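Peer 1: I have a structure here, written as C-alpha cells, and I will follow up with some questions on it.
Residue numbers (my numbering): 541 to 621.
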C-alpha cells in the first residue's frame, strides 16, 4: 500500500503545518516526531510542501539513509493503534 512517510528529519521539530494540510487527518504526534498512518494516507501529497525540514517522502522514495523511519512508523502504530 502506497503512503507517505515522515522521516527522522522531523525529530525534535514537529512543526505541525503538515497536520493542518492533511485532508484525512492521518498524521499523529509521537514523543519525538510526527507520523503518517499508512492505511489512512490517501497519497495526496498535501503535507509535503508544508514541512519546513523536508522530512516527508512517498514510501518508495525515502532515501536509503532514512529508510529506518518506515519501520519506526510501523512500530509507532503497533504501540498506538
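Positions of the beta carbon are idealized from the N, C-alpha and C atoms, including for glycine. Nothing here was measured: the structure is a model prediction, and the numbers come from that model.
What is the DSSP secondary structure of residue 545, counted as helix, strand or coil?
Peer 2: Note: residue 545 maps to strand in three-state DSSP.
Peer 1: Name the DSSP bridge partner or partners of residue 569?
Peer 2: 574, per the DSSP bridge assignment.
Peer 1: If I follow the unbroken alpha helix (DSSP H) through residue 596, where does it start and stop?
Peer 2: Here residue 596 belongs to no alpha helix (DSSP H); instead the beta strand (DSSP E) covers 596-598.
Peer 1: Do residue 566 and residue 593 have their beta-carbon atoms positioned less than 8 Å apart in this structure?
Peer 2: In this structure, residue 566 does not lie closer than 8 Å to residue 593 by Cβ.
Peer 1: So for residue 585, helix, strand or coil by DSSP?
Peer 2: Residue state, collapsed to three classes: coil.
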